[in-house]
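Okay, so here's the structure we're looking at.
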Amino acid sequence: RGGNVAPVRRAARWDGYFPVDVTPEQLRVAVAQIGEQRGDLDGFDIVVLDGPDGDPDRWTAVGATWCLAFFRPGVTAAEVHRVATGGPPA
């Protein structure tokens, strides 16, 4: 969670990183650390969660390769359908 360093070091040994509760700045720092440990990020996935109406560009700008829509408990099926059929933001 947040800016913990140990999970970042572990992730660098594998093929991806999926942090929880990070800010874009924390992700930027983690991506830089992973890149330093690995030498490059080729083939390395960096996944984040954002709200259904979030802005994936703020995450890709700091290194995310995947931005998944996260829905809070109680969301309606209609809301999930709206987001899913809307596709990625333009």
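Residue numbers (the working numbering): 2 to 91.
C-beta atoms are modelled at their ideal positions from N, C-alpha and C, and glycine is treated no differently.
Suppose contacts are defined by Cβ-Cβ distances below 7 Å. Is residue i in contact with residue j by that definition?
{"i": "Ala-31", "j": "Val-49", "result": "no"}
{"i": "Leu-28", "j": "Gly-36", "result": "no"}
{"i": "Val-84", "j": "Pro-53", "result": "yes"}
Report all residues from its chain with a CB closer than 8 Å to the CB of residue i; omit the five preceding and five following residues, and keep chain order.
{"i": "Arg-10", "result": "Gln-34 and Gln-38"}
Have a look at the options and flag the residue whose alpha-carbon is nearest the alpha-carbon of residue i.
{"i": "Phe-1", "options": "Pro-8, Pro-74, Gly-87 and Gly-17", "result": "Residue 1 lies beyond the range of the chain shown here (2 to 91); nothing can be said about it."}
{"i": "Ile-47", "options": "Gly-87, Arg-73, Trp-15 and Pro-74", "result": "Trp-15"}
Only counting the same chain, and skipping five residues up and downstream in sequence, which positions put a Cβ closer than 6 Å to that of residue i?
{"i": "Ala-12", "result": "Tyr-18"}
{"i": "Ala-70", "result": "Pro-53 and Val-84"}
{"i": "Trp-60", "result": "Val-49 and Cys-68"}
Pop quiz: residue i and residue j are said to be a contact at Cβ under 8 Å. What is the actual Cβ separation, rounded to whole angstroms?
{"i": "Pro-25", "j": "Val-63", "result": "5 Å"}
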